[in-house]
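Q:
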Amino acid sequence: MALEPRDFPQMWQKPSSDEVLATLRLLEVKPPIWGHKRRLSDIVHEQEATAYFRREVVTYLSSIVKSSLAWIEDDDEKDAIWSEASRRLSERCGRAAMGEITRRWPFREDDLSPTFELIIREPPLIGDAVGLKTWGSSYVLAQYLPRLSPTSLFRLFDESLGEPRPTVLELGSGTGLLGLAAAALWKVPVILSDLPEIMPNLQHNIEVNRDVIQSLGGSLDSGVLTWGGSSEDEVDQELFGKSNQFKLVLAADVLYDDVHPALLAGAFSDHLSHHDDSRAVVMVPHRDETAQKLRDSFREIMAAQDSPLICIEEGVLSGEDDWGEQDGEATVECWWGIFARARPAEPVV
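If you're matching positions, the sequence shown starts at 16 in the numbering used here and goes up one per residue.
1. Indicate the three-state DSSP secondary structure (helix, strand or coil) for Gly233 in the structure shown.
2. Sorted by chain position, which residues of the same chain lie with C-beta nearer than 6 Å to Thr130's C-beta, five sequence neighbours on each side aside?
3. Using only the alpha-carbon positions, how far apart do Gly238 and Thr182 sit?
4. Quick check on Trp201: does DSSP put it in helix, strand or coil?
5. Can you tell me which residues form a DSSP beta bridge with Met298?
6. Could you give the distance in angstroms between the alpha-carbon of Leu270 and the alpha-carbon of Leu76?
7. I'd like the list of long-range same chain contacts for Ile316, defined as Cβ closer than 7 Å, with 5 residues on each side in sequence excluded.
8. Suppose you measure from the CA of Arg358 to the CA of Leu133; what does that come to, to the nearest Å?
9. Does the beta-carbon of Gly37 have 16 or more other beta-carbons within 10 angstroms, so that it is buried, or is it exposed?
10. Pairing CB atoms from the segment 199-207 with CB atoms from the segment 282-297, are three or more of them under 8 Å?
11. Could you give the first and the last residue of the continuous alpha helix (DSSP H) run that contains Glu315?
12. Return the residue from the list Asp22, Ser152, Asp91 that minimises the CA-CA distance to Trp120.
13. DSSP on Phe169, reduced to helix/strand/coil?
14. Thinking just about the alpha-carbon of each residue, which of Gly243, Cys349, Gln158 is nearest to the one in Asp268?
15. Do Glu185 and Ala266 have their C-beta atoms within less than 8 Å of each other?
16. Would you list the one or two residues that DSSP bridges to Glu335?
17. Alpha carbon to alpha carbon, what distance is there between Asp209 and Arg356?
18. If you drop the 5 nearest sequence neighbours on each side, which residues of the same chain put their C-beta closer than 8 Å to that of Val347?
19. Tell me whether Ser128 is buried or exposed, calling it buried when 16 or more other Cβ atoms sit within 10 Å of its Cβ.
20. What is the DSSP secondary structure of Arg123, counted as helix, strand or coil?
21. Whether or not the segment 155-174 and the segment 226-237 are in contact is what I'm after, with contact meaning three or more pairs of Cβ atoms, one per stretch, closer than 8 Å; do they touch?
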């Protein structure tokens, strides 16, 4: 039976510590299992149906935090109640206020892919460590990958052409959701990469999911790759010391600052193979006007490099985020683009 606000033990009733703690544990917010195909109307309906309950819960939790709990004699029990109530409040103040969470990200069977799920740990968000957050756009692109391999990327995956499936590089892997999914869905080796401070959590998620990935035909590796870096601390020389190795390079939701478009474009230029069939796949969510400007700047820089990378195909998919001040998930439009190296101009005869 669902817990109703009228059932909460009120502070004026002087409930026991066990009773209050039991209620607080029932009010724990469980991370949602996202599905980007949920319709906006369904999300809005769900939010409207639960808005009253959320308001009542926040009011109740605040009453506990403010209460002296004078009728409870044990100070340790009081501290436990206040701590638990504070955690429940933080869970309702956006993702940035929460501690470490682990999410299950489902991938449902269809004509192009099997059913499996990935287990992704997200440590507490500290400062600007956005790589510790699993962004909704990564899930959007991950679910779209099976549609790309037989169409836009078919020359990389059609084994009748006599070439093995490519080893894929992911730039700015973060918690690893996109790269892990690519290995499973495409049945390919994937090398995930990010900044040194992001790698411990990324490697944890790789190990947690390695058996699942291997059972589906993929394989995983990872290494430090700092865009624009060159020292051994910034770049794993064993994996990335050689330029232009990869026929397929992925990146999702990695543009946050004015310097990022040039750095990301440089990383694609450095690591994408010069083979005619090589492709870069990028996703940028349009959360605000700044994000769109960063995307436009990135496209311009990609096209202006010595070996230009041109967007040859693009589209928009709808996804969900639980980032920022929104109450619950927010729908966001996610732009995706596929880039190829521009062919040299034919000489004029």
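Using N, Cα and C, we set each Cβ at its ideal position, and we do this for glycine too. Note that the structure is predicted; figures quoted are calculated from it, not measured.
A: Working from what's here:
1. Coil at Gly233, not helix or strand.
2. For Thr130, where only same-chain residues beyond five positions count, the Cβ hits under 6 Å are Arg123, Glu124.
3. If I take the Cα positions, the gap works out to 14 Å.
4. Looking at Trp201 - three-state DSSP - the assignment turns out to be helix.
5. Per DSSP, Ala267, Trp351.
6. In this structure, the alpha-carbon of Leu270 lies about 37 Å from that of Leu76.
7. Counting only Cβ-Cβ distances below 7 Å, and skipping sequence neighbours, we find Pro276, Ala277, Ala280.
8. Straight-line Cα distance between these residues: approximately 39 Å.
9. According to the sequence provided, residue 37 is Ala. The question's Gly does not apply to it. So Ala37 counts as exposed.
10. The segment 282-297 and the segment 199-207 do not touch, with fewer than three beta-carbon pairs separated by less than 8 Å.
11. Run containing Glu315: 304-319, per the alpha helix (DSSP H) assignment.
12. Answer by Cα proximity: Ser152.
13. Here Phe169 sits in helix by DSSP.
14. If we check each option's Cα against that of Asp268, Cys349 comes out closest.
15. Against a cut-off of 8 Å, the Cβ pair of Ala266 and Glu185 comes out as a contact.
16. The partner list for Glu335 (beta bridge, DSSP) reads Thr346.
17. Rounded to the nearest angstrom, the gap between the Cα atoms of Arg356 and Asp209 is 24 Å.
18. Gly151, Ser152, Pro300, His301, Arg302, Ser333, Gly334, Glu335, Asp336, listed in sequence order.
19. Buried, because 16 or more other Cβ atoms sit within 10 Å of the Cβ of Ser128.
20. Three-state result, Arg123: coil.
21. Contact between the segment 226-237 and the segment 155-174 is absent, because fewer than three Cβ pairs lie under 8 Å.
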